[in-house]
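My numbering applies: residue 21 is where the sequence shown begins, and numbers increase by one. Every residue, glycine too, gets a C-beta built ideally from N, C-alpha and C. What follows is a set of notes on a single structure, which appears directly below.
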Amino acid sequence: MSGSPDIVIIGSGVGGATVAAGLAVIGAQILILEAGDQIADLPVNRDQRAIFQRGHFRPKETWYEASGKGFNPGNYYNVGGNSKFYGAVLSRYRKQDFDVIQHREGVSPAWPFPYEALEPWYCQAERMYQVRGSLGEDPTEPHHSAAYEYPPVPDEAPIADIRARLKRKGLHPFSLPLGLDLDAWLSKARTPWDAHPNARDGKMDAETAALSVALSHENVRLETNARVTRLDTGAGSRIDRVTYVKNGETLTVSPEIVILAAGAVQSSVLLLRSKNDRFPKGLANSSDQVGRNFMNHNASAVIGVSPRFRNTSIYQKTFAFNDFYLSDGEGGPPLGNVQLLGRISEKVLKGSLPQAPEWLLRFITGHAIDFYAMSEDVPNPESRVMVDGDRIILQWQRTNWDAHLALVARLKAILKSIGFPIVLARPFDKRTPSHQCGTIRIGNDPAAAPLDAYCRSYDHENLFVLDASFLPTSAAVNPALTIAAQALRVADHIASKDLQARDALADRTDKIGQ
Numbered sequence: 021m022s023g024s025p026d027i028v029i030i031g032s033g034v035g036g037a038t039v040a041a042g043l044a045v046i047g048a049q050i051l052i053l054e055a056g057d058q059i060a061d062l063p064v065n066r067d068q069r070a071i072f073q074r075g076h077f078r079p080k081e082t083w084y085e086a087s088g089k090g091f092n093p094g095n096y097y098n099v100g101g102n103s104k105f106y107g108a109v110l111s112r113y114r115k116q117d118f119d120v121i122q123h124r125e126g127v128s129p130a131w132p133f134p135y136e137a138l139e140p141w142y143c144q145a146e147r148m149y150q151v152r153g154s155l156g157e158d159p160t161e162p163h164h165s166a167a168y169e170y171p172p173v174p175d176e177a178p179i180a181d182i183r184a185r186l187k188r189k190g191l192h193p194f195s196l197p198l199g200l201d202l203d204a205w206l207s208k209a210r211t212p213w214d215a216h217p218n219a220r221d222g223k224m225d226a227e228t229a230a231l232s233v234a235l236s237h238e239n240v241r242l243e244t245n246a247r248v249t250r251l252d253t254g255a256g257s258r259i260d261r262v263t264y265v266k267n268g269e270t271l272t273v274s275p276e277i278v279i280l281a282a283g284a285v286q287s288s289v290l291l292l293r294s295k296n297d298r299f300p301k302g303l304a305n306s307s308d309q310v311g312r313n314f315m316n317h318n319a320s321a322v323i324g325v326s327p328r329f330r331n332t333s334i335y336q337k338t339f340a341f342n343d344f345y346l347s348d349g350e351g352g353p354p355l356g357n358v359q360l361l362g363r364i365s366e367k368v369l370k371g372s373l374p375q376a377p378e379w380l381l382r383f384i385t386g387h388a389i390d391f392y393a394m395s396e397d398v399p400n401p402e403s404r405v406m407v408d409g410d411r412i413i414l415q416w417q418r419t420n421w422d423a424h425l426a427l428v429a430r431l432k433a434i435l436k437s438i439g440f441p442i443v444l445a446r447p448f449d450k451r452t453p454s455h456q457c458g459t460i461r462i463g464n465d466p467a468a469a470p471l472d473a474y475c476r477s478y479d480h481e482n483l484f485v486l487d488a489s490f491l492p493t494s495a496a497v498n499p500a501l502t503i504a505a506q507a508l509r510v511a512d513h514i515a516s517k518d519l520q521a522r523d524a525l526a527d528r529t530d531k532i533g534q
């Protein structure tokens, strides 16, 4: 690849990698700039003491609350982004998530397009990420025009027992849609995959499922350890220069199209820091919404303990239930989703309870079942990402917390009713990214949203944003598949509208010159 590429993609997480895969086939020269490096295949990847007690993979950076108090965020910078550590759950938003939903606290707004517009792209994303799952178990399940190509990851015996207990209580546990080759994962080490990095071990993440497809084309190139520091506009409104730093050297490229996919926090930070005289509030920010409407799922770990239950599972994370997803079960506003966590061992739990001896934690975890309760965080313009010089300021204002507490209370009661007399719950805090999203949202009104329905900036016609920041709502499911589906939808749009128009213009110019 010589000279400036046609397209620069900033970030190689789910959004960046998937749009690269979608665009690779058209032949345009594509450069992917990734701030981090590839995760090496090392024993530490499955060392739970290193991961959870010593924070081996946590970034060496500090963000700040609005009060000035610093904290160490749990975001990762590597090829594949946060998906290298994710739980591999690839759920669709429910059909209702695309409409207005009244919550206990606030309103979840409608998307600029309905579920049906994204449905075929969900199918493509499920194929790309090789999702394992089954249909017909979840009453909230939206229409699927194609079945999963792979059967669900099987329950281990203790987990099948818990699923059966929940069914007897009238609940509807369903197999989680998972992007995971179980045999490949367990052949490396017998651990869960939640929060464990994937070095081509069988987890279908942004690198292994999408980026590998993109890089199989000669017209796509990945540059690692390349941190983008600024976007610049020319005389018009187009982004005409991308500046990045690699090995201490400052470099620039001038692509036709820029696709920003650095994550909900870092993408908004880059746009805010790229302000200039013509765009004093930052790029793509005439609406004053860049950085605003930051959402992070309200989430808690809920652990049921019973001396009569013996948990011999290795991975555990195979089912969920949505009985309180569309309502509280009694006709009231929604509460959220419940799904199994990856198996929590004594080594994992000690990371949260450092004073407790491992022998005691081993006894507890050996008789425990571990769930993850997740509720929607409603968009709020005062919940926002800001910059102050080199500092990143995260002013997260939780919403809908009462609904989450109600979901946790329901789950506690359910666990007690199926034989777990001791139930412990602990919320996740700002150090644990629980699907950060919403800071550069899509919408039909340029005065209220930075991006249109195809993630194109209203202010800069050649700028797209394709990571979790485009999400106008957080719903109460893992957002990775929705990001991937929209990335494929936008790739198709760019190929048919932007690049086709460019090629047609070039053809006309060539003919004029003949």
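Can you tell me which of the options puts its alpha carbon nearest to the alpha carbon of residue i?
| i | options | result |
| --- | --- | --- |
| Tyr170 | Thr228, Ser154, Arg112 | Ser154 |
| Ile71 | Arg430, Glu366, Asp465, Lys432 | Glu366 |
| Glu85 | Leu483, Leu414, Leu427 | Leu414 |
| Gln73 | Ile364, Gln456, Pro466, Leu501 | Ile364 |
| Arg66 | His216, Tyr142, Ala60 | His216 |
| Pro63 | Arg250, Pro134, Asn218 | Asn218 |
| Cys475 | Arg461, Asn245, Asp465 | Arg461 |
| Ile182 | Ala340, Ile384, Leu483 | Ala340 |
| Leu186 | Val510, Ile438, Ala488 | Ile438 |
| Asp410 | Pro377, Val289, Gly156, Gly42 | Val289 |
| Phe118 | Gly222, Glu243, Arg124, Glu139 | Glu139 |
| His237 | Gln144, Cys457, Gln417, Ala41 | Ala41 |
Which residues bound the alpha helix (DSSP H) around residue i?
| i | result |
| --- | --- |
| Phe329 | Taken as a continuous stretch (DSSP letters only), Phe329 belongs to no alpha helix (DSSP H), as it is neither H nor E. |
| Arg138 | Checking the displayed sequence, the identity of residue 138 turns out to be Leu instead of Arg. 135-148 is the span of the alpha helix (DSSP H), which, as asked, contains Leu138. |
| Leu435 | 421-437 |
| Ser24 | Ser24 -> no alpha helix (DSSP H), and no H or E assigned at all. |
| Ile503 | 500-513 |
| Ala41 | 34-44 |
| Val4 | A query on residue 4 cannot be resolved here, the shown segment of the chain reaching from 21 to 534 and no further. |
| Ala204 | 202-208 |
Residue i bridges to which residues according to DSSP?
| i | result |
| --- | --- |
| His405 | Note on identity: in this sequence residue 405 is Val, with His being the wrong assignment. Its beta-bridge partners are Leu414. |
| Gly90 | Tyr84 |
| Val265 | Arg247, Thr270 |
| Leu191 | Its beta-bridge partners do not exist; DSSP assigns none. |
| Ser128 | Ile121 |
| Ala445 | Val322 |
| Asp57 | Asn98 |
| Ser477 | Leu471 |
Which residues bound the beta strand (DSSP E) around residue i?
| i | result |
| --- | --- |
| Lys557 | The structure shown does not extend to residue 557, since the chain spans only 21 to 534, so no value can be given for it. |
| Val233 | Here Val233 belongs to no beta strand (DSSP E); instead the alpha helix (DSSP H) covers 232-235. |
| Gly324 | 318-325 |
| Leu543 | This structure cannot speak to residue 543, because the chain is shown only from 21 to 534. |
| Ala388 | 388-395 |
| Leu53 | 50-53 |
| Ala166 | No beta strand (DSSP E) contains Ala166, which DSSP labels as neither H nor E. |
| Ala340 | 339-341 |
| Leu280 | 277-280 |
| Leu483 | 483-485 |
Less than 8 Å between the beta carbons of residue i and residue j, yes or no?
| i | j | result |
| --- | --- | --- |
| Ser320 | Pro447 | yes |
| Ala423 | Val39 | no |
| Val407 | Leu486 | no |
| Thr556 | Phe314 | A query on residue 556 cannot be resolved here, the shown segment of the chain reaching from 21 to 534 and no further. |
| Pro162 | Tyr135 | yes |
| Asp260 | Ser274 | yes |
| Pro327 | His387 | yes |
| Gly283 | Gly88 | no |
| Ser454 | Asn316 | yes |
| Val120 | Ala108 | no |
| Ala304 | His480 | yes |
| Val325 | Ile434 | no |
| Val358 | Leu431 | yes |
| Ala445 | Val368 | no |
Residue i: buried (16+ other C-beta within 10 angstroms of its C-beta) or exposed?
| i | result |
| --- | --- |
| Ile355 | Residue 355 is actually Leu in this sequence, not Ile. Buried: at least 16 other Cβ atoms inside 10 Å. |
| Phe440 | buried |
| Val28 | buried |
| Leu380 | exposed |
| Pro159 | exposed |
| Lys80 | exposed |
| Leu251 | buried |
| Gly351 | exposed |
| Val127 | exposed |
| Met394 | buried |
| Thr211 | buried |
| Phe91 | exposed |
| Pro197 | buried |
| Arg188 | exposed |
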